Structure formats: C-alpha cells, structure tokens
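Asks:
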Amino acid sequence: MPRKNLSRRNQRLTLEQHKEIGFKLKRIEAQLRQLHRLLQRHYGKSARCSSDTSRAWSAINSLRCELDNLVIQENQLLPPLETLNEELINCYYGTATEEFVTATNPEIQFLLNQAIFTARNQHDGHLTIMRFSTGWKVCFGTPDLDTGNGREIVLMLPQFETLEAALEYLLAVQSKETE
Numbered sequence: 240m241p242r243k244n245l246s247r248r249n250q251r252l253t254l255e256q257h258k259e260i261g262f263k264l265k266r267i268e269a270q271l272r273q274l275h276r277l278l279q280r281h282y283g284k285s286a287r288c289s290s291d292t293s294r295a296w297s298a299i300n301s302l303r304c305e306l307d308n309l310v311i312q313e314n315q316l317l318p319p320l321e322t323l324n325e326e327l328i329n330c331y332y333g334t335a336t337e338e339f340v341t342a343t344n345p346e347i348q349f350l351l352n353q354a355i356f357t358a359r360n361q362h363d364g365h366l367t368i369m370r371f372s373t374g375w376k377v378c379f380g381t382p383d384l385d386t387g388n389g390r391e392i393v394l395m396l397p398q399f400e401t402l403e404a405a406l407e408y409l410l411a412v413q414s415k416e417t418e
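FYI, the numbering for the sequence shown is 240 to 418, going by my numbering.
The following block contains the structure:
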C-alpha cells in the first residue's frame, strides 16, 4: 500500500532551519568533546564510558558532515550564490573565530548562545547585556550612550531580576518580530 505523505517526505529544510540545526549540533559536539576528554582523563581511554562518548561524538560529526553536504546541494542553485557561500559554508562548521559561551548554568548557556547566534545572523553581531543595581537589561544592537538617544533607548528597555528572564524576553520578542 503506497504512503499517503510522500510530499512531506520530500520537503527540504530551509536555510534558516539548517542554521538552527547547525548551531545546536555545534554546541552538542563541543559538549561531547569536553565530556569525552573528562571521562578519558578520569577513567582512561579503554573505559566503556570513554568509548561510548567517542562513538557519540563521532556520530554527531558524521551527522554534521551529511547535513553540510545537503545544505550545499539544496542551495547551490539559489541566486546570488556569492552572498550565500559564506552562510552555507559556515552553517555546520562555523568559522575559526566563532565562539560559544559556556556557563555553569545550562539554561543561561543555551539562552546566551541563542542570543549570540541571533545577533550574528540578524544584527551584525551586536548584543548588549547590561547589569544595573536594580536588574538586567538586554538588547540587540549597540545603544549609542554618547547621545541622549542611546540613553533613552536603555531607559525604555524592560528590566528583569535575572539575566535568564531578560534573555528569554529578548529572544521571545525577536522571534515574534521575525514571524
């Protein structure tokens, strides 16, 4: 009996979806690499936990490679290719200067990395995080604090008790704006 949902199966991921998956896989790969090194250091290379993390790390890298090939294939005919080249190449492997934040709190780490990713892709890399005695304020872009305009912008930003709450708000507002 034929499948009814063949058309869904053949749908390609958008470039934005590839970028999001690439971002997540980069983080997972970095975390697995750190875990692998930690387990090797404490239990040795021959320990099962070391070989399991090594296989998981290898599987993630294999997935990244496969998806990297797919994003290139799926987007090679889209004009203008010159402007897409850098985006396509960096989608799953990034650049040598790309950084990710590591934090002891995984939720903060995730939110900061999401904000950094969004800043890079939609705001020329600009992300401002401010801590005042009364709370946190965050925004994409760089307020011009040398003029009254920038100070007013900062004044108008909502204030949050925690960095986590401020980042959650920023990312929620950003996702609503891009819809």
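Beta carbons are placed, not taken as given, at the ideal position from N, Cα and C, and that holds for glycine. Computed from a predicted model, the values in this text were never measured in an experiment.
1. Counting only beta-carbon separations shorter than 8 Å, does R276 have a partner in chain B?
2. Pair every Cβ in the stretch 405–413 with every Cβ in the stretch 362–381, then say whether three or more of these pairs are closer than 8 Å.
3. Given N300, which residues of its chain have a CB within under 8 Å of its CB, disregarding the five upstream and five downstream residues?
4. Once the 5 residues before and after D383 are set aside, which same chain residues still bring their CB inside 6 Å of it?
5. Would you call the CB atoms of G374 and Q398 closer than 8 Å?
6. Straight-line CA distance for R272 to E259?
7. Once you ignore the five residues that flank L306 on each side, which residues in its own chain have a CB closer than 6 Å to its CB?
Replies: On the basis of the coordinates in this document:
1. Protein chains in the displayed structure number just one, and chain B is not present.
2. Contact holds: three or more Cβ-Cβ distances are below 8 Å.
3. Here the question's residue 300 lines up with position 61 in the sequence shown. Excluding the 5 residues flanking it on each side, N300 has same chain C-beta neighbours closer than 8 Å at E268, in chain order.
4. Within the sequence shown, numbered from 1, the residue matching residue 383 stands at position 144. G389, listed in sequence order.
5. Your numbering for residue 374 matches position 135 in the sequence shown. Your numbering for residue 398 matches position 159 in the sequence shown. Yes.
6. Translated into positions along the sequence shown, residue 272 becomes position 33. Translated into positions along the sequence shown, residue 259 becomes position 20. Here the alpha carbon of R272 sits roughly 20 Å from the alpha carbon of E259.
7. Here residue 306 corresponds to residue number 67 of the sequence shown, with the count starting at 1. If we look at L306 and ignore the five residues flanking it on each side, its Cβ neighbours are Y331.
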